[in-house]
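Going from the sequence shown to the numbering used here is simple: count from 1 and add 26. One structure is given here, and the rest of the page talks about it.
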Amino acid sequence: FPKLFSFVKLEDDRIGLRLLSWDGQLAVSHLQKNAALLENSEGTDSHSLAFPIGFTRGFGLKRKCMKWLEEWQKLPYTSPYVDASHLDPRTDVSEKRIVGVFHELLHLT
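This is the structure:
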């Protein structure tokens with residue numbers, strides 16, 4: 027992708043990667059892609075995307091924790107590819123974005 031990236035020499039003699047051109051069509055997270063596929067058939071809300079979670083049989087989660095998880099899943103989804111500097115790092119919305127970053131990293135293969 028020579029039109030999008032170039033190698034640069036950093037001050038400490040390491041090699042870095044510079045983004046030359048931002049392509050918004052490439053900056054779509056795995057979760058957003060899946061939601062777009064489901065949106066056509068189910069009419070999901072892309073503003074508050076939920077992470078897919080599956081528990082093993084017999085796994086018991088306290089009712090209070092399950093309720094918190096359900097509410098947390100309903101929080102707004104902030105893509106890992108957008109500027110999130112406006113988010114307060116002490117909030118659940120910011121925490122959900124961090125989970126989104128890790129979720130995206132795990133799906134880059």
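We treat Cβ as the ideally placed atom computed from N, Cα and C, and that holds for glycine.
Nearest residue (CA-CA) to residue i, options the options
i    : options                : result
G42  : G50, F31 and L52       : F31
L131 : K122, S120 and P106    : P106
F27  : E37, D49, T135 and D38 : D49
Nearest-angstrom Cβ-Cβ length linking residue i and residue j, presumed shorter than 8 angstroms
i    : j   : result
F81  : L57 : Not confirmed; about 19 angstroms, so no contact.
D114 : W98 : That pair is no contact at about 16 angstroms.
L46  : K29 : 7 angstroms
Own chain, CB closer than 7 angstroms to residue i, minus 5 neighbours either side, in chain order
i   : result
K35 : I41
A55 : What sits at residue 55 in the sequence shown is Ser, not Ala. Contacts found: S105, P106, Y107, G126 and E130.
Residue i - DSSP class collapsed to helix/strand/coil
i    : result
V119 : helix
G42  : strand
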